[in-house]
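The next block holds one structure in the form of structure tokens; read it before the comments.
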Amino acid sequence: MKILYVTTISDTVNSFLIPHIKYLIANGNEVGVAFNTVQAVSSELVQAGCRVHQVTFQRNPFNRDNLIAYKEIKKILKEDGYDLVHVHTPVASFITRLACRRIKIKVLYTAHGFHFFEGAPKKNWAVYYALERLVAKWTDGIITMNDEDFHAAKRLKLRKRNSIYKVNGVGLDLSKFLPQTPERKKKLRQIYGYRDEDFILIYAGELSFRKNQDLLIEAISMIKSQVPNIKLLLAGDGSLLETYRNLAVKLDVQGHVEFLGQRDDIANLMAISDIAISSSRQEGLPVNVMEAMATGLPLIVTNCRGNRDLVKSGQNGIVIGIGDTKACASAILELVYSTELRQTYSENNTQLIKMYSLDTVINDMKDIYFKQSLNS
Numbered sequence: 001m002k003i004l005y006v007t008t009i010s011d012t013v014n015s016f017l018i019p020h021i022k023y024l025i026a027n028g029n030e031v032g033v034a035f036n037t038v039q040a041v042s043s044e045l046v047q048a049g050c051r052v053h054q055v056t057f058q059r060n061p062f063n064r065d066n067l068i069a070y071k072e073i074k075k076i077l078k079e080d081g082y083d084l085v086h087v088h089t090p091v092a093s094f095i096t097r098l099a100c101r102r103i104k105i106k107v108l109y110t111a112h113g114f115h116f117f118e119g120a121p122k123k124n125w126a127v128y129y130a131l132e133r134l135v136a137k138w139t140d141g142i143i144t145m146n147d148e149d150f151h152a153a154k155r156l157k158l159r160k161r162n163s164i165y166k167v168n169g170v171g172l173d174l175s176k177f178l179p180q181t182p183e184r185k186k187k188l189r190q191i192y193g194y195r196d197e198d199f200i201l202i203y204a205g206e207l208s209f210r211k212n213q214d215l216l217i218e219a220i221s222m223i224k225s226q227v228p229n230i231k232l233l234l235a236g237d238g239s240l241l242e243t244y245r246n247l248a249v250k251l252d253v254q255g256h257v258e259f260l261g262q263r264d265d266i267a268n269l270m271a272i273s274d275i276a277i278s279s280s281r282q283e284g285l286p287v288n289v290m291e292a293m294a295t296g297l298p299l300i301v302t303n304c305r306g307n308r309d310l311v312k313s314g315q316n317g318i319v320i321g322i323g324d325t326k327a328c329a330s331a332i333l334e335l336v337y338s339t340e341l342r343q344t345y346s347e348n349n350t351q352l353i354k355m356y357s358l359d360t361v362i363n364d365m366k367d368i369y370f371k372q373s374l375n376s
């Protein structure tokens with residue numbers, strides 16, 4: 001089979017889809033990718049024999065360059081003889097499916113998180129739902145990553161029920177995130193300059209309104225006197241970096257909150273931590289939470305789509321209300337004071353994560369591709 005992966009920018013493929021592409025090529029398929037090369041193309045793709053198409057997709061859906069992208073992707077689809085196109089990310093998936101409407105080609109769409117969701121602004125439903133409804137008719141299969149999106153796709157009848165699938169995310173390589181051990185934790189803390197007695201929380205994610213880190217900074221300010229050795233590690237860059245820095249200074253927690261910037265050592269940062277936390281307002285199926293689960297960290301997460309798929313209160317962490325600062329502070333204290341609870345959640349997480357492994361997800365995707373090939 002000749003398959004084309006399409007994403008808005010190259011970063012998505014580099015971060016999440018290379019193992020999928022390498023698997024398909026290793027099993028006799030010809031695979032190409034089409035995206036706007038914002039981040040340098042991974043050498044793994046080139047070495048695997050993957051063809052790379054440059055398309056002028058823009059993340060801003062109203063950018064006029066997307067008209068150029070439409071013509072570019074349509075030309076590729078018409079001339080290169082692909083049997084199946086697998087689209088990801090909102091802009092690329094809309095433009096590509098629109099371009100496919102008069103071309104005989106199978107189309108799969110992976111929704112990493114619908115922009116229309118429970119509690120979303122009305123404009124999201126007015127715009128994104130209407131657009132998805134339009135292009136869904138040129139889609140042979142919709143792949144979702146969480147329960148809310150899966151049931152929404154069925155309830156809204158975006159496709160026939162047997163053409164709507166749910167897979168457990170993009171798959172996590174469990175060899176890269178090993179269960180934490182006391183010895184490794186102690187050694188890495190020495191390397192990174194932290195003390196054994198420090199109580200470390202970590203949140204890896206873009207510094208943004210969506211990720212809602214102000215909730216965590218405010219929660220730390222509420223408990224810093226009770227837990228003077230507490231540290232919050234915020235790994236990631238984003239548009240709200242200075243806003244959050246200023247908030248930390250205003251609340252006098254700059255000694256407790258560390259802004260680490262974009263990192264490529266998340267596995268080590270997880271390994272030195274005591275708790276992982278997510279304050280997001282919305283998610284698809286958060287990779288950072290899965291990475292924490294694989295490391296064996298207890299979790300505190302907000303009750304949003306994606307987070308609640310992975311974490312169940314009393315089983316592997318604590319789920320709190322979105323924006324509930326007091327509940328966040330209380331949950332942190334509960335885990336600070338209960339070694340036994342942390343151990344229980346840790347053990348459960350290292351077992352639960354297995355269903356989200358890369359091998360599991362690739363096997364599920366293999367079944368979906370097979371079903372699509374039968375329906376050719």
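Residue numbering for the sequence shown follows UniProt numbering, starting at 1 and increasing by one per position.
Note that the Cβ used here is the ideal one computed from N, Cα and C, for glycine as well.
Give me the DSSP bridge partner(s) of Glu258. Here residue 258 corresponds to residue number 258 of the sequence shown, with the count starting at 1. Bridge partners of Glu258 according to DSSP: Leu233.
Which term fits Leu172, buried or exposed, when burial requires 16 or more other beta carbons within 10 angstroms of its beta carbon? As a position in the sequence shown, residue 172 is number 172, starting the count at 1. With 16 or more other Cβ atoms within 10 Å, it is buried.
Ordered list of alpha helix (DSSP H) runs contained in the stretch 302 to 339, each at least 4 residues: Qualifying alpha helix (DSSP H) stretches, in chain order: 307 to 310, 325 to 336.
Beta carbon of Val55 nearer than 7 Å to that of Glu72: Numbered from 1 along the sequence shown, position 55 holds the residue referred to as residue 55. Numbered from 1 along the sequence shown, position 72 holds the residue referred to as residue 72. Yes, these two residues count as a Cβ contact at 7 Å.
In terms of alpha-carbon separation, which member of Met293, Met290, Asn307, Asp265 lies closest to Glu283? Stepping through the sequence shown from its first residue, residue 283 is reached at position 283. It is Asn307 whose Cα lies nearest to the Cα of Glu283.
What first and last residue would you give for the beta strand (DSSP E) that runs through His20? Here the question's residue 20 lines up with position 20 in the sequence shown. No beta strand (DSSP E) holds His20; the alpha helix (DSSP H) holding it covers 18 to 26.
Would His112 and Tyr128 be called neighbours here (beta carbons separated by less than 7 Å)? Reading the sequence shown from its first residue, position 112 is the one you call residue 112. Reading the sequence shown from its first residue, position 128 is the one you call residue 128. Not in contact: His112 and Tyr128 (Cβ atoms no closer than 7 Å).
Where Gly169 falls, given that 16 or more other Cβ within 10 Å makes a residue buried: The residue labelled residue 169 in the question sits at position 169 within the sequence shown. Under this definition Gly169 is a buried residue.
Pull up the DSSP beta-bridge partners for Thr110, would you. As a working mapping, residue 110 is identified with position 110 in the sequence shown. Partner(s): His88, Ile143.
Do His86 and Tyr23 have their beta-carbon atoms positioned less than 7 Å apart in this structure? Numbered from its first residue, the sequence shown carries residue 23 at position 23. Numbered from its first residue, the sequence shown carries residue 86 at position 86. No.
To the nearest angstrom, report how far apart Leu131 and Phe370 are at their CA atoms. The sequence position of residue 131 within the sequence shown is 131, counting from 1. The sequence position of residue 370 within the sequence shown is 370, counting from 1. Straight-line Cα distance between these residues: approximately 28 Å.
Contiguous alpha helix (DSSP H) assignments of at least 4 residues, all confined to the stretch 170 to 254: 182 to 192, 214 to 223, 241 to 250
Alpha helix (DSSP H) containing Ala136: first to last residue? Position 136 of the sequence shown holds residue 136. 130 to 136 is the span of the alpha helix (DSSP H), which, as asked, contains Ala136.
Spatial neighbours of Thr325 in its chain, beta-carbon cut-off 8 Å, leaving aside the 5 residues before and after: As a first step, residue 325 must be located in the sequence shown, where it is residue number 325. Within the same chain, Thr325 has close Cβ partners Leu215, Glu218, Ala219, Met222.
Looking at C-alpha atoms only, which residue of Tyr194, Thr295, Leu156 is the closest neighbour of Lys137? The count along the sequence shown starts at 1 and reaches residue 137 at position 137. For the residues Tyr194, Thr295, Leu156, the minimum Cα distance to Lys137 belongs to Leu156.
If we ignore side chains and look at the alpha-carbon of each, how far apart do Leu234 and Gln315 end up? Residue 234 sits at position 234 when you count from the first residue of the sequence shown. Residue 315 sits at position 315 when you count from the first residue of the sequence shown. Roughly 25 Å between the two C-alpha positions.
Given that a residue counts as buried once 16 or more other Cβ atoms are within 10 Å of its Cβ, and exposed if not, what is Phe150? Taking the first residue of the sequence shown as position 1, residue 150 is located at position 150. So Phe150 ends up on the buried side.
Per DSSP, what kind of secondary structure is Ile105 in: helix, strand or coil? Along the sequence shown, one-based indexing puts residue 105 at 105. Looking at Ile105 - three-state DSSP - the assignment turns out to be coil, as it is neither helix nor strand.
So, with DSSP's three-state summary, where would you put His151? Taking the sequence shown and counting its residues from 1, the one referred to as residue 151 is at position 151. Here His151 carries a helix assignment [DSSP, helix/strand/coil].
DSSP on Asn268, reduced to helix/strand/coil? Start at 1 with the first residue of the sequence shown, and residue 268 comes out as number 268. Three-state result, Asn268: helix.
Does Leu98 come out as helix, strand or coil in the three-state DSSP assignment? Position 98 of the sequence shown, counting from 1, holds the residue named residue 98. If DSSP states are grouped into helix, strand and coil, Leu98 belongs with the helices.
In angstroms with no decimal places, state the Cα-to-Cα distance between Tyr109 and Arg133. The count along the sequence shown starts at 1 and reaches residue 109 at position 109. The count along the sequence shown starts at 1 and reaches residue 133 at position 133. Cα-Cα distance, rounded: 13 Å.
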